[in-house]
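First the structure, in the form of structure tokens, and then the observations on it.
Residue numbers (this note's numbering): 29 to 309.
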């Protein structure tokens, strides 16, 4: 029997906008031992992707994905919007495959800068699809380990301390409404400092359920202001709790505090010296 080096090692997530795409890809992938999960809209897509992150060590639930396939044939802009959201919320997604008409495959510069790693011509014969999938799996090395969520690779160091675009929008809004930006930042520091202080106390008392509620608030507040690193760390803490690993909160807390300190140092120049507040009051 011929040895298949790919057998059972590929796990891909497909976002399709027409129900015929999934069965065709699954049929082409079957001889390769490659599994394709199907999402019919953005809600299903993010639900399945999120679930895969809750299972970093393949203990339960769905397996981590080795790649993502986006249907650019039937809903070009919609798929690109999903990809934009994916990269905004998850800084290190697996390789992205774009299913697109042969005319675009011949002119890949059309998608330059969109975050797509590989283009597959579609529609195509089953044999052609199988060859494209085989090439992708071999080139990517089906490195499932590279996409597992762990403390080192899950860190948020590759994100900006603060999203300058979001901060710029707040500045414009403050000017339009004659609302001092300093008051907004003051309120943010007050509330976030209080959240982090309470989180430390709750964790020390072993109240993981209340920790989760507070972490969601920290993620939401950080995301609203554009505090990218802080929001991502809170998101990963939330993932740890949902994965039944609430004890990892203690490992994330130093990062959360450090990111709050860094953010505060970066933004406190916008506050008058008389209004500076103590950290974690």
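Where a beta carbon is used, it is the ideal one built from N, C-alpha and C, also for glycine.
Do you know offhand how far residue i's Cα is from residue j's?
i	j	result
residue 255	residue 57	41 Å
residue 164	residue 143	16 Å
residue 267	residue 128	33 Å
residue 214	residue 220	10 Å
residue 290	residue 260	15 Å
residue 48	residue 68	11 Å
residue 147	residue 226	48 Å
residue 73	residue 114	10 Å
residue 62	residue 40	8 Å
residue 240	residue 55	41 Å
residue 10	residue 151	What is shown of the chain runs 29 to 309, which leaves residue 10 out entirely.
residue 137	residue 102	20 Å
residue 212	residue 104	38 Å
Determine whether the beta carbon atoms of residue i and residue j lie at a separation below 8 Å.
i	j	result
residue 145	residue 132	no
residue 245	residue 223	yes
residue 53	residue 38	no
residue 92	residue 75	no
residue 95	residue 122	yes
residue 253	residue 242	no
residue 264	residue 228	no
residue 262	residue 295	no
residue 110	residue 168	no
Using the three-state DSSP reduction, which class does residue i fall into: helix, strand or coil?
i	result
residue 99	strand
residue 142	coil
residue 84	Since pLDDT at residue 84 reaches only 43, below the 50 mark, its modelled position is unreliable, and the value read off the structure follows with that caveat. DSSP places residue 84 in coil when its eight states are reduced to three.
residue 48	coil
residue 67	strand
residue 234	coil
residue 93	coil
residue 148	strand
residue 134	coil
residue 229	helix
residue 126	strand
residue 221	helix
Going along the chain, which residues of its own chain have a beta-carbon closer than 7 Å to the beta-carbon of residue i, five neighbours each way excluded?
i	result
residue 130	149
residue 236	269, 274
residue 100	107, 126, 127, 128
Apart from the five residues on each side of it in sequence, which residues of its chain come closer than 8 Å, Cβ to Cβ, to residue i?
i	result
residue 50	42, 44, 64, 66
Give the list of continuous alpha helix (DSSP H) stretches no shorter than 4 residues that lie fully inside the stretch 251-298.
256-270, 277-295
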